[in-house]
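Chains as they are written, first to last, in this note's numbering: chain A, 1 to 258; chain B, 1 to 258; chain C, 1 to 302; chain D, 1 to 302. Even for Gly, the Cβ is constructed at its ideal location relative to N, Cα and C. Here's the structure, in structure tokens; my notes come after.
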Amino acid sequence: MNKQRIVTITSVTKEAPGITTLRFHDEIKVKPGQFYMVWLPRVDEVPMSVSYTSVEKGITVKEVGEATRALGKLKIRDQIGIRGPYGNGYRIPKGTVLVAGGGTGMASLLPAVEAIGDPGRVDVLIGAKTAGEVLLLDRARKASREVHVSTDDGSMGRKGTVVDMVQEHLEMKHYDMVLGCGPERMLSALLKACDEKSVKCQLSLERYMKCGAGLCGSCVIDGIRVCREGPVFSSAELRKMKEFGSSKRDECGCSVKL
Amino acid sequence: MNKQRIVTITSVTKEAPGITTLRFHDEIKVKPGQFYMVWLPRVDEVPMSVSYTSVEKGITVKEVGEATRALGKLKIRDQIGIRGPYGNGYRIPKGTVLVAGGGTGMASLLPAVEAIGDPGRVDVLIGAKTAGEVLLLDRARKASREVHVSTDDGSMGRKGTVVDMVQEHLEMKHYDMVLGCGPERMLSALLKACDEKSVKCQLSLERYMKCGAGLCGSCVIDGIRVCREGPVFSSAELRKMKEFGSSKRDECGCSVKL
Amino acid sequence: MTSLKVEVAALKLSNPTILASGVMDETAASLLNMARAGAGAVVTKSIGSEPRKGYPNPTLVELDWGYINAMGLPNPGIEAFAEEMRLARGCPAPVIGSIFASSAKEFSFLASKMQDYGAAAVELNLSCPHAKGYGMELGVDPEMVSAVVREVKSVCSIPVFAKLTPNTHQLMEVAKAAEAAGCDAIVAVNTVKAMAISVEMRRPILSNKGGGLSGPAIKPIGLRCVYDLHSTLNIPIIGVGGVEDWRDAVEYIMAGASAVQVGSAVGRVGLNVFELICTGMKEFMVREGFESVSQMVGVAHE
Amino acid sequence: MTSLKVEVAALKLSNPTILASGVMDETAASLLNMARAGAGAVVTKSIGSEPRKGYPNPTLVELDWGYINAMGLPNPGIEAFAEEMRLARGCPAPVIGSIFASSAKEFSFLASKMQDYGAAAVELNLSCPHAKGYGMELGVDPEMVSAVVREVKSVCSIPVFAKLTPNTHQLMEVAKAAEAAGCDAIVAVNTVKAMAISVEMRRPILSNKGGGLSGPAIKPIGLRCVYDLHSTLNIPIIGVGGVEDWRDAVEYIMAGASAVQVGSAVGRVGLNVFELICTGMKEFMVREGFESVSQMVGVAHE
Ligand SMILES: Cc1cc2nc3c(=O)[nH]c(=O)nc-3n(C[C@H](O)[C@H](O)[C@H](O)COP(=O)(O)OP(=O)(O)OC[C@H]3O[C@@H](n4cnc5c(N)ncnc54)[C@H](O)[C@@H]3O)c2cc1C
Ligand SMILES: Cc1cc2nc3c(=O)[nH]c(=O)nc-3n(C[C@H](O)[C@H](O)[C@H](O)COP(=O)(O)OP(=O)(O)OC[C@H]3O[C@@H](n4cnc5c(N)ncnc54)[C@H](O)[C@@H]3O)c2cc1C
Ligand SMILES: Cc1cc2nc3c(=O)[nH]c(=O)nc-3n(C[C@H](O)[C@H](O)[C@H](O)COP(=O)(O)O)c2cc1C
Ligand SMILES: Cc1cc2nc3c(=O)[nH]c(=O)nc-3n(C[C@H](O)[C@H](O)[C@H](O)COP(=O)(O)O)c2cc1C
Ligand code: FES
Ligand code: FES
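Shown next, in the form of structure tokens:
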């Protein structure tokens, strides 16, 4: 039961061009990897990972369309509706952990890194299109042993993708678990990379969400609810999914190529 | 919130001709002086004080009409519906206590006597029409210092009413509180007797009950809900009630003389 | 200055919470107690021409999210009720007389009695879901409702409220008919047709089998009716159904209600429910900058 | 031997729990998962002639005692749905194709498609409370319902179910019209018209404003409809509305349902709700000496 509540924005942080973190007070506990359905009256209601899970909650929004642009324009004292948290969240792993985030994927991953609570056993890899879009770098540094950055254009860190970095790290070191969040094509390559090295992973997926509550079926991948059994799935689960990395459903429920 | 539950009779005790105790298992806690709404399908649903308040609950029924006669015919393994407990119950008094029960009034009072938990400071007075109808005598003896009986026909104990005995006891000894339950005429005399000696009392009333839950207003005395603010009222409350001892409401809500 | 005062169809209320018909309102003393507890107005139990016992028990089922009741319109009859109304004269809040009948003539007879007794307004129960020949059996037919209202208006100078049922797809037609016939306000909604069955006893629990659902379960239903009525009507609407806290009350008001009635919450919350709603509503109004209740009426339509 | 097997209008089900339309049933894989989770049959999302996005978000409000939804009948359209039905062929439980349309002709077109696709039965959505021109706008009119059923029956050899709305006082008339037109079973009920308002935002939460109430809040309403339908009809009834545990299911069956559908509880309880209901029901049947579900159907009427 996740009743709608109206929260007031207490801080607005511009993380990068078109990427904004909004903070607000909400008492209801959240696990890293869970998400809210965020309501902007007259605009839309969209799923957003919780990027800050303390009592002062936060979401980190990348502007891609109408709703996210409207969220990016909010100011302190504006109000939004939230319901949730929904979804399973990451199981916080024991042992050494490699964390790989593409784009706003870091928003979902950082609370998990912080929940591990032991910088000594976590390495973080951040991928972005360009230097300006590298997200939450300072926060990642505080909570981990090493942080490495890659950009598509080489404007910061190494040139290439985050998956390239993952492959290198898995060659170099032993990790007990990989956590990943980002575009599905990246996640699909990530799963392959992990499988090759027989390292387990947990990856967080995105699908079109309407109810968010496990009812309407709009978010399903291979008949499994991303909003409920996911958004975080294990390698074992992902390997069985025919639609993973290949197709998703549009608002009508039609299958479309990724 | 008091959902209907169906319980199975585990024991049937004939207390006196036409007076039966039914026991059954129900986990929901009850305070002495509270009552259930007891449902017998195809017959009626009637209020009954809880005469045993441990997990093996009990009611003690005097046959006066259709519903009570049907309850008196139940056997082990028969089922009844109960909802509740309803009502406020007795506030368990400190100090010395005089308990005065007329008829099935003892059913409501005995759990209070037992809850006091100190036989040394409780005296019990039981009134009945005739020897055969003296109720729950052994149980009363166990939980109190002295038990005295009066019958209308003198067939047991002293001849007279329980109020006569109360007056004598209040003359003889000091009591901090009187608890009473029985026919309203008796209670009205009891209040007068207590007031004369400036002893506080708590008396349990009966009114026609439909909902039992504080909604329908059928049980009101001076606009106060016997099922909710009562059935137990203090001397202070009773003194203000114009209808106490004089009139009640019938099923239509018409005022009728007691 | 934030004020909770409202005016509904010429009735001046100190606050917008009204005791709903059928709950703690069969005797003058009850009505007075509810007014003292903070109700801005009180509606009497629905009164008919003759004394009526109502249905045998069980008459109530408790649920986690409300009640199902089939009281069967018990009432002392309009003659005996004269005395209660006389005793209720000093009531600090307006007393609205609720009546039920099986014909327009009978309604007008009862309404004029209520007027004589000093009722501040009369509420026509056109919506009881479980009394044969009464209530919603009439209240789903726009022509019948029109005839009843017209007849009552012809004998009454006090405001006339029609209490309607949500158990129909024709609520808007019925309400429009009532308005056209001169009705002063619409009260929506009465209980929703419902039932509970005991699986062990293998039968419906209520002696009448069917009953009416009230409480939080029906709040979204009542709210929808009020919202739609506000789009349809020009006369005031009084919202009823599952109002349990200030938030429920404000939802109804924003949907278009000029006041709300509170029934089940008198059992579920307690006698202090009127006070709690008013305190919470006032705090909300201060917080959000509303100075009067009327400023909030219908704002959810904008 | 206690058995949960039931037969409803020639459909043989391993147990009487059916996945309700609109919940986890838009893709073949979802339907298969729900059948594997233990549903005795599964109903597809209501499918129309063309792909449809449904309403913008918010489309769901969560309440303590249920949901309000206004999805707006999103669906991939009958042509694209061919592929899902093909992939669902191996489904261990019968697949019932739900369809919605705005005319009798369109209904029969969709129904014959569903039959071609291998649906075990077709369910006519005559009851969606919030889609303009569809659902209950047709489903409260006995003549319209009669025409739709007749037309669909004329092109279909698989059983035809009519899913009806509780938002009318004419449910019995509508159901009788469906029966007379050859309908094989009645499904009752769809959601109840409802709304939720955010007082801080001063507006309805759902983008469509109005929506349909489902879940425990409406169980007493659905139960009452099924009870009354059982007194009125000779064809089987499938009970829907707030079925969350075995007790709810048995209440519906005793009221007269031959099977029940489960929607909201898939969200509120989880995918194991079918299994939980079946286990509890079986234990109850053993305890009470019922050997088959059919022995329980309608016993609350005796
Ligand atoms: C579990 C989950 C967590 C997410 N976390 C974040 C986050 O932390 N930060 C962030 O910036 N974004 C996050 N997203 C993505 C975010 O929901 C979309 O970017 C947003 O909905 C786009 O809305 P729009 O109106 O701006 O764009 P539109 O122009 O409406 O759409 C752009 C694209 O966004 C996606 N989208 C639109 N609506 C939805 C919807 N209701 N559900 C899912 N996807 C949708 C579609 O792929 C669409 O093509 C998350 C998505 C999911 C499913
Ligand atoms: C709070 C309370 C506690 C009670 N506790 C006990 C108890 O422990 N033991 C016991 O034997 N009796 C108790 N009673 C009285 C008992 O409820 C009635 O004796 C019973 O309802 C009679 O039903 P009947 O069908 O047998 O009689 P009827 O022939 O129907 O009526 C006989 C008389 O019983 C009373 N009565 C009937 N129905 C009701 C009702 N719904 N509510 C209240 N009174 C009713 C009326 O005064 C009526 O005149 C209690 C009553 C109340 C209000
Ligand atoms: C026990 C009970 C008795 C009722 N009796 C009446 C009545 O006599 N007349 C009437 O118009 N409504 C009656 N109602 C309906 C209420 O006035 C109200 O419309 C309904 O309960 C919904 O409001 P609520 O959810 O606040 O209870 C009764 C309701 C209950 C619970
Ligand atoms: C999210 C959601 C979507 C629904 N979509 C449909 C639908 O497409 N067609 C239909 O006939 N009923 C639809 N319904 C109604 C359900 O099938 C069912 O009749 C109703 O929810 C009551 O059952 P429940 O309380 O078990 O949910 C939908 C219900 C929900 C909650
Ligand atoms: S978004 Fe509705 S089931 Fe996941
Ligand atoms: S019995 Fe209904 S209020 Fe007391």
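By a C-beta neighbour count over all protein chains shown, 10 Å radius and 16 as the cutoff for buried, is residue i buried or exposed?
i	result
A:V232	buried
B:S204	buried
C:N125	buried
C:G263	buried
A:E243	buried
D:P166	buried
A:E259	As shown, chain A starts at 1 and ends at 258. That puts residue 259 of chain A outside it, with no answer to give.
Taking 8 Å as the threshold (beta carbon to beta carbon), is residue i in contact with chain C?
i	result
D:M285	no
D:H169	yes
B:I6	yes
D:Y227	yes
D:A255	yes
B:Q34	no
B:S218	yes
B:I76	no
B:L215	yes
B:N88	no
Give me, in chain order, the residues of the same chain whose beta-carbon lies closer than 8 Å to that of residue i; leave out the 5 immediate sequence neighbours on both sides.
i	result
A:G65	none
D:S49	G77, I78, A101, E106, F109 and L110
Quick one: what's got a C-beta closer than 7 Å to residue i's C-beta in the same chain, skipping five residues either side?
i	result
B:I6	Q79 and G81
B:S235	L191, C194, D195, K200 and C201
C:V293	L4, V6, P16 and I253
D:M24	S30, M34 and V266
B:Y90	P32, G33, A112, L179, Q202 and V232
Can you check whether the C-beta of residue i is within less than 8 Å of a C-beta belonging to chain B?
i	result
C:L60	yes
C:G54	yes
C:E26	yes
Using a Cβ-Cβ cutoff of less than 6 Å, which residues in the same chain neighbour residue i once the five nearest sequence positions on both sides are dropped?
i	result
D:A300	M254 and A255
D:T191	P129, G212, L213 and S214
A:A16	G132 and E133
D:I277	T17, W246 and A249
Using 8 Å for Cβ pairs, my map puts residue i next to residue j. What's the rounded Cβ distance?
i	j	result
D:K153	D:V187	Between D:V187 and D:K153 the Cβ distance is about 16 Å, and since that is not below 8 Å, they are no contact.
B:G72	B:G18	7 Å
B:G87	B:F24	At roughly 19 Å, the Cβ-Cβ gap does not stay under 8 Å, so B:G87 and B:F24 are not in contact.
D:V61	D:L206	6 Å
A:R145	A:G120	6 Å
Does residue i have its Cβ less than 8 Å from a Cβ in chain F?
i	result
D:L87	The chain labelled as chain F is not found among the protein chains of the depicted structure, namely A, B, C and D.
Between residue i and chain A, is any beta-carbon pair separated by less than 8 Å?
i	result
D:G318	Residue 318 of chain D lies beyond the stretch modelled for chain D, which goes from 1 to 302, so this question has no answer here.
D:E79	no
D:L19	no
If you measure from the beta carbon of residue i to each beta carbon in chain D, is any gap under 8 Å?
i	result
C:I197	yes
A:E45	yes
C:M136	yes
A:P85	no
C:R150	no
For ligand 7, any of its heavy atoms closer than 7 Å to the Cβ of residue i?
i	result
D:N190	Among the ligands present in this structure, namely ligand 1, ligand 2, ligand 3, ligand 4, ligand 5 and ligand 6, ligand 7 is not found.
Collect the residues with a C-beta less than 7 Å away from any heavy atom of ligand 6 and give them in sequence order along the chain.
B:M209, B:K210, B:C211, B:G212, B:A213, B:G214, B:L215, B:C216, B:G217, B:S218, B:C219, B:V220, B:R225, B:V226, B:C227, B:R228 and C:M24
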